[in-house]
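Asker: In the UniProt record's numbering, the protein residues as written are 1 to 262. Using N, Cα and C, we set each Cβ at its ideal position, and we do this for glycine too. These figures come from a predicted structure and were not determined experimentally.
(1) Just tell me which of 29, 66, 162 has its CA closest to the CA of residue 210.
(2) Name, in chain order, the residues that DSSP records as bridge partners for residue 86.
(3) So, for residue 42: in the same chain, excluding its five sequence neighbours on each side, which residues have a beta-carbon less than 8 angstroms away from its beta-carbon?
(4) Determine the direct distance from the alpha carbon of residue 231 to that of residue 246, and round the result to whole angstroms.
(5) Any idea what DSSP makes of residue 48, helix, strand or coil?
(6) Counting only the same chain and skipping the five closest in sequence on each side, list residues whose C-beta sits under 7 angstroms from that of residue 222.
(7) For residue 173, count neighbouring Cβ atoms within 10 angstroms of its own Cβ and tell me buried if that reaches 16, exposed if not.
(8) Considering only residues of the same chain and omitting the five flanking positions on each side of residue 72, which have a CB-CB separation below 6 angstroms?
(9) Could I get the ranges of all uninterrupted alpha helix (DSSP H) runs contained in the segment 120-190, with 4 residues as the minimum, in chain order?
(10) Do you know how far the Cα of residue 154 is from the Cα of residue 264?
(11) Using DSSP with H/G/I as helix, E/B as strand and the rest coil, what is residue 80?
(12) Is the beta carbon of residue 127 less than 8 angstroms from the beta carbon of residue 236?
(13) Just to confirm, is the Cβ distance from residue 137 to residue 180 under 8 angstroms?
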């Protein structure tokens, strides 16, 4: 009778790290997985900046990857500037300063150039937001934009209602764009995205102010109409025209020593 030879299973040596069986994954994919894991450890403070990383053997043992995968992952982290290798010493987390936070507030917007630069930021953001709003807006979102527009028309030039309504108009468009990041940026920056000149000078005559506010209202009305008609190109064009005109008006207000609503 034929006897099947029993398979001999060699016991794992105690000094060999245990490897997770990933037969379907290639070394390149495994290295990417380990890079992501080690990067997260650095962000979470498990590996602190300036400290020495565990050795290749220790990482291999604790994370369950072969040493060749660990070596490839460390090379990628080094190329990304997250770690540095010192000969005969080891691999260290690069001691980088924390990334600077966004500094954008009333105290940082003090000159005409600051205001115009902020307006350029708005143009790069809000022109596309208007186009996306025309494409993606819901009936309820359109109604919210319309209510903000009507508030602009009904508010008086000497109250903060016009400023708030203007801000809400642009914020509601960002929300209607369907892009959560655009909405978050607008919401975070708030009324700072609608810059006011900071010159301490008198307002224009009442007649000029009324004409100015009527002109600004009609520009907003064109934006709303394009969004209502679901015409992305027209919405982008209307928003671009409005913000371009705002830039001209801000410069003219500075030259005339007037402080105007956006």
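Answerer: A quick look at the data gives this:
(1) 162
(2) 90
(3) 49, 82, 93
(4) 22 angstroms
(5) coil
(6) Hits under 7 angstroms: 238.
(7) buried
(8) Closer than 6 angstroms at the Cβ level, and outside the excluded window around residue 72, lie 31.
(9) Segments of the alpha helix (DSSP H) lying fully in the segment 120-190: 139-154, 161-176, 180-189.
(10) Because residue 264 is not part of the residues shown, which for the chain are 1 to 262, the question remains open.
(11) coil
(12) Yes, the pair counts as a contact, with Cβ atoms nearer than the cut-off.
(13) no
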